[in-house]
Every structure is written in C-alpha cells, then in structure tokens.
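Chemist: Once you've had a glance at the structure underneath, I'll fire off some questions.
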Amino acid sequence: VANETAATADVRRAVEVRLAPVQAFALFTSGIGSWWPLAAHSIAADTLGGAVTATGLVFEEGQGGRLYEVMSDGTEGEWGRVLEWDPPRHVAFSWKPNLYHGPYTRIDVTFEPLSDGTRVELVHSGWDQFGAEAAKRRNGYVSGWANLLDRYASSA
Amino acid sequence: MPESELPRAPRDTAHQALFADPDLVLDAVGEAQRRTILRRLQSGPSPVAELARELPVSRPAVSQHLRVLLDAGLVVFERQGTRNLYRLNPNGIRPLRQWIDDIWGVALESYAARAEELARDDKQDSNQDLGVQS
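Going down the list, the sequences are from chains X and G. The working numbering applies: residue 1342 is where the first sequence begins, and numbers increase by one. The working numbering applies: residue -17 is where the second sequence begins, and numbers increase by one.
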C-alpha cells in the first residue's frame, strides 16, 4: 500500500564504473552529451511531441553552470543549474527537463573511489514540493520493477 | 533564453501522457477487445460507429472501451467537421515504457556503457605505451 513517505521518498540509483573518480566525474558532467539518451528523454521528446528534436546536451562546469538542451531549431531549453560543484567527489544540480510550470527537483551525484574504479550514486530529491502530484511526477523515475524490488527489500 | 520565450507545451494530451498513471495504462491494455481497438486505430482515426461495425462488439461496448482508453491517455478524441473521431495518442505509451524502464535506470546504464568504452580505450593506450600487443 502506497503512503505519503513512499510517494515523496528520494529516488536512489548507483552504478560502478572502471574509471578513476576524476574521469567518472568529468564524463557525468561535461561529457553528459556523449551518453544521455536524448532521443528518449529531452524537452523535445517529452514535451514538444516531435515538432523539434534534441541535438545536444551541455553541462557547464562550476557553481551556477547551466544544464541545457540544444534543439534542432537552435532553441536552448534549460534543465537546471549547478547547485554544488566539488570535483571529483560531488555535484548537485536543479532538475526540470520539461517546460511545465512547477518546482525544480534536485539531483546529487557522489563519486566514491573503489580499488578498481568508482561507485557513482545518484539521489533525486524534492518530491514533497509536488504535494498530491508527487507520486505521479515520481513515476517516470522509478520503474515498476524497481518499485517491486524496493518493497521486497523493505519487507525483508 | 527566458522560459517565457520557449514554445509552450500543450496542456492537454502530451501533459496527460507524460505524467499519466501507468496503472491506468496497464489496465487499459490488459483487455483483448481494447487491444483490438488499439490495433484497428493504428491504421488511422475512426468514428465509434465504424469501429462498432468492424468489431464483434456492440456500439455501447465500444464506447465504454474507448472511455477507458481515453482515461489512460492511449487514444484522443477530435472533431472533424461533423464527425467525432478517435485516434491513437503517439505519446500514450510513454508511461508504460517508463514503468518498465525508469529514466535513471536507462540513463545510468548508458553512462556506465560509455565509461566502459573509455576504460577500454585507456587500457589500450597504456598497453601501447608499454609496447604490449592488445
């Protein structure tokens, strides 16, 4: 049974990569255009329904840097701004990759050194700002399968 | 560029599909006759009467199914002259896709794949520096 806490709980994901933290940090931030699935997730794809396409994603380094999408008609669409910049350990940025009115959520990414690489953990927070809409807004970021696993883990 | 100068998103169907409840979509496609209606609409928009003629279902039953598909955001309703047409919503399937593949899961998988490419390139470079055949 869903409850208020579950609907607004931080979304957490982690992945391990065989890169040093400095490289893992650089790939996540300034290199974001080389891996973000723009065809599936962008303002152009999500909000504008195919009228234009997203051609690039730019992550400006440093405090206050902009994260923005470049579209096929030359328009830029801002997704958020860098809130904390502490390479190669931590970066935080605001997040709203769509044109709908409403609050920005927050993404914190930490880079923890391992003996042969880096553990990259992402925490997506700020869902309580959406009030009754929180569960709906959070849906796209939490798969049904992940939900099942979360529930399993919390009941174990 | 200030947000006000960006193209405005329509508040209706795209919005509905982006934040639609995946449970509604799963329930809507979990019924054989509704899947038949969806397949029929793949070949183009249609009025209720035409759907009822082509399918082995009564017209009230077709209307009922269309109501469920509308609520789930899978089809949209439009007036063309004097005719009321139903057509597939191209964004309708997104909530279902996201129910299976959440955004961060997909994005981080892609990040890890790119990281692995870079790690392999690095290793090859350093092997070449050491004169190792890779």
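In this text, a Cβ means the ideal position worked out from N, Cα and C, and glycines have one as well. On a predicted model such as this, the values are computed, not experimentally measured, just so you know.
Do you know offhand how far phenylalanine 1369/X's Cα is from glutamate 1417/X's?
Modeler: Roughly 20 Å between the two C-alpha positions.
Chemist: If you reduce the DSSP assignment to three classes, tell me which class serine 1383/X lands in.
Modeler: Correct three-state label for serine 1383/X: coil.
Chemist: Just the chain G side, please: which residues come within less than 7 Å of proline 1378/X by C-beta, in chain order?
Modeler: Correct list: Val88, Ala89 and Ser92.
Chemist: Rounded to a whole number of angstroms, what is the C-alpha to C-alpha distance between lysine 1437/X and threonine 1349/X?
Modeler: The straight-line gap from Cα to Cα measures roughly 16 Å.
Chemist: Whole-angstrom Cβ separation of leucine 8/G and aspartate 53/G, contact assumed at under 8 Å?
Modeler: No, leucine 8/G and aspartate 53/G are not in contact; Cβ-Cβ is about 13 Å, not under 8 Å.
Chemist: With DSSP as the reference, please indicate the residues paired to glutamate 1419/X in a beta bridge.
Modeler: Answer is Tyr1409/X.
Chemist: I'd like to know whether the C-beta of glutamine 1470/X is nearer than 9 Å to at least one C-beta of chain C.
Modeler: Given the protein chain composition of this structure (X and G), no chain C is represented.
Chemist: Per the DSSP calculation, threonine 1349/X is bridged to which residue(s)?
Modeler: According to DSSP, threonine 1349/X bridges with nothing at all.
Chemist: Helix, strand or coil: how does DSSP classify tyrosine 93/G here?
Modeler: Here tyrosine 93/G sits in helix by DSSP.
Chemist: Cutting at 6 Å between CB atoms, please list the residues of its own chain near glycine 63/G, excluding the five before and the five after it.
Modeler: Same-chain partners within the cutoff: there are none.
Chemist: Quick one: list the residues of chain G neighbouring histidine 1465/X, beta-carbon separation under 8 Å, in chain order.
Modeler: Those are Trp86, listed as they occur along chain G.
Chemist: Quick one: using the 10 Å Cβ neighbour count with 16 as the cut-off for buried, is aspartate 103/G buried or exposed?
Modeler: Answer is exposed; the Cβ neighbour count stays below 16.
Chemist: Could you tell me whether the Cβ of glutamine 1364/X comes closer than 9 Å to any Cβ of chain G?
Modeler: Yes, its Cβ sits closer than 9 Å to a Cβ of chain G.
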